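S.K.: Let me begin by handing over the structure; questions about it come next.
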Amino acid sequence: MSRQPLRLAIAEAERMLTAAGVASPRVDAEILAAHVVGVERGKLMMHPLVDPPVVEALRRLVVRRATREPLQHLLGTAVLGPVAVAVGPGVFTPRPETELLLEWGLRAIADVASPLVVDLCTGTGALALAVAASRPDAQVHAVEADPGALTWARHNIAAHGDTVVLHAADVRWSDLLVELESHVDLVLCNPPYVPDATALPPEVTEWDPPGAVFGGPDGLEVIRAVIGTSAGLLRYGGHLAIEHDDTHGESVPALLRRRRVLTDVEEHHDLTGRPRFATARRVGPPPPS
Numbered sequence: 001m002s003r004q005p006l007r008l009a010i011a012e013a014e015r016m017l018t019a020a021g022v023a024s025p026r027v028d029a030e031i032l033a034a035h036v037v038g039v040e041r042g043k044l045m046m047h048p049l050v051d052p053p054v055v056e057a058l059r060r061l062v063v064r065r066a067t068r069e070p071l072q073h074l075l076g077t078a079v080l081g082p083v084a085v086a087v088g089p090g091v092f093t094p095r096p097e098t099e100l101l102l103e104w105g106l107r108a109i110a111d112v113a114s115p116l117v118v119d120l121c122t123g124t125g126a127l128a129l130a131v132a133a134s135r136p137d138a139q140v141h142a143v144e145a146d147p148g149a150l151t152w153a154r155h156n157i158a159a160h161g162d163t164v165v166l167h168a169a170d171v172r173w174s175d176l177l178v179e180l181e182s183h184v185d186l187v188l189c190n191p192p193y194v195p196d197a198t199a200l201p202p203e204v205t206e207w208d209p210p211g212a213v214f215g216g217p218d219g220l221e222v223i224r225a226v227i228g229t230s231a232g233l234l235r236y237g238g239h240l241a242i243e244h245d246d247t248h249g250e251s252v253p254a255l256l257r258r259r260r261v262l263t264d265v266e267e268h269h270d271l272t273g274r275p276r277f278a279t280a281r282r283v284g285p286p287p288p289s
């Protein structure tokens, strides 16, 4: 059995993915090749020749990716910060942009001993698990309402040693986590926020659950509930961060400023300069009379 040049297989994969309209064809081709070979992407050059079954396995994955099946589904995992979580049909796939939300949240509690953290609309549990992995002293709670997403979250949390407490609950419930009221140091949320009429790529429209993507006509239905819930959960000085659509750069900060218990409202941009998430802090106690 004659071995074959891996670079040619990758070049053919790139050609197929380019023709299919995949946004990052070379990167995806190399990631899939690394997955099949069983090495890190940066070490592909150390494997110039591969056996024909490897080339065929790569071709099969590339054919699936060309149908716009998400790359993370083909790999079986998605990475957020220090954790990798299992993903697949029935749950929203974590995106790299949420790394910025995670980094901000970790900075916000950097000086808090044994922080209490809540992740609303947790989906796969990735954000909650990333906080727990970064801060082993933290008590982390995650909230999810969708039954399909809950199955994935339970699996991922168990796979990471049950470092997160999972709640099957809806962020719109008036009594959500009342036992934590006024005690939470940090609330994070990556909710459904895309306005209903927005055109999206097939990786989203055909694979992500619509309920995890779309947030009503203006994309703000769940965000409004999250802000109200978070205002009650946060302790004095506690922090809140909410990811949002890039059309919400003014509307989400405005919603935060409407709550008199919230202060220090800021808008944050992603690496492309687009509005990506907004943050706020719970005001301190009133001065003594």
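Counting along the sequence shown from 1, when you hit position 157 you're at 157 in the UniProt record's numbering, and nothing is skipped either side.
We put the beta carbon where it would ideally sit given N, CA and C, even for glycine.
Bear in mind that the values here come from a model prediction, so they are computed numbers and not experimental data.
1. Classify Val265 as helix, strand or coil using the three-state DSSP reduction.
2. Glu40 lies in the beta strand (DSSP E); which residues open and close that run?
3. For Val204, write down the residues that DSSP places opposite it in a beta bridge.
4. Which same chain residues end up closer than 6 angstroms to Leu271 when comparing Cβ atoms and leaving out the 5 residues on each side of it in sequence?
5. Among Leu100, Leu116, Trp104 and Ala84, which residue has its Cα nearest to the Cα of Gly125?
6. Where do the N-terminal and C-terminal ends of the alpha helix (DSSP H) with Leu101 fall, by residue?
7. Whole angstroms are fine: how far does the CA of Arg26 sit from the CA of Glu179?
8. So who's on the other strand from Asp119, going by DSSP bridges?
9. Under 8 angstroms by Cβ, that's how I've got Thr77 and Val91 pegged, so tell me the actual separation to the nearest angstrom.
10. DSSP on Pro5, reduced to helix/strand/coil?
11. What's the C-alpha gap between His160 and Ser114?
12. Which residues mark the beginning and the end of the alpha helix (DSSP H) in which residue 368 is found?
13. Do you know whose CA, among Val37, Arg65, Pro48 and Thr67, lies nearest Val54's CA?
14. On the DSSP bridge list, what partners appear for Thr77?
15. Go through its chain and collect everything with a Cβ distance to Ala169's Cβ below 6 angstroms, but skip five positions before and after it.
16. Under a Cβ-count criterion, where at least 16 other Cβ atoms within 10 Å of its own Cβ denotes burial, should Tyr236 be classed as buried or exposed?
17. Relative to the C-alpha of Ala11, which candidate in Gly232, Val187 and Val62 has its C-alpha closest?
18. DSSP has Leu234 in a bridge; who is on the other side?
19. Mind checking whether Leu80 and Leu102 have CB atoms under 8 angstroms apart?
20. Taking the C-alpha atoms as reference points, what is the distance between Ala57 and Arg281?
21. Tell me whether Leu32 sits in a helix, a strand or coil according to DSSP, three-state version.
22. Going straight from the alpha carbon of Leu220 to that of Thr93, what length do you get?
23. By DSSP, does residue 291 sit in helix, in strand, or in coil?
24. I need the straight-line Cα distance from Ala23 to Pro253, nearest angstrom please.
25. Could you check which residue in Thr151, Gly105 and Asp111 has the C-alpha nearest to that of Val131?
26. Buried or exposed: Thr122, going by 16 or more other Cβ atoms within 10 Å of its Cβ?
M.R.: Answer, in terms of the structure:
1. Here DSSP, grouped into helix, strand and coil, assigns Val265 to strand.
2. No beta strand (DSSP E) holds Glu40; DSSP gives it neither H nor E.
3. Partner(s): none; Val204 has no beta bridge.
4. Here the set comprises nothing.
5. Comparing Cα positions, the closest option is Ala84.
6. Here the alpha helix (DSSP H) through Leu101 covers Thr98 to Ala108.
7. Whole-angstrom Cα-Cα distance: 49 angstroms.
8. Asp119 pairs with Ala142 and Leu188.
9. By a beta-carbon distance limit of 8 angstroms, Thr77 does not contact Val91. Their separation comes to about 12 angstroms.
10. The answer is strand: DSSP assigns Pro5 an E or B state.
11. Going from the Cα of His160 to the Cα of Ser114 covers about 19 angstroms.
12. With the chain covering 1 to 289 only, the question about residue 368 has no answer from this structure.
13. Each of Val37, Arg65, Pro48 and Thr67 was checked against the Cα of Val54, and the nearest Cα belongs to Val37.
14. Answer by DSSP bridge pairing, in chain order: Ala86.
15. Answer for Ala169: Val143 and Leu176, listed in chain order.
16. Sixteen is the threshold: since fewer than 16 other Cβ atoms of the shown chains lie within 10 Å of the Cβ of Tyr236, the residue is exposed.
17. Selection Gly232, Val187 and Val62 evaluated against Ala11 yields Val62 as nearest (Cα-Cα).
18. In the DSSP output, where bridge partners are listed per residue, Leu234 has Val184.
19. Going by C-beta atoms, Leu80 is nearer than 8 angstroms to Leu102.
20. In a straight line, the C-alpha of Ala57 is about 50 angstroms away from that of Arg281.
21. Leu32: helix per DSSP, three-state reduction.
22. Each residue's Cα considered, the two are about 20 angstroms apart.
23. Outside the shown range of the chain, which is 1 to 289, sits residue 291, and nothing can be said about it.
24. The C-alpha of Pro253 is placed about 31 angstroms away from the C-alpha of Ala23.
25. Looking at the Cα atoms, Gly105 is the closest of the given residues.
26. Label assigned to Thr122: buried.
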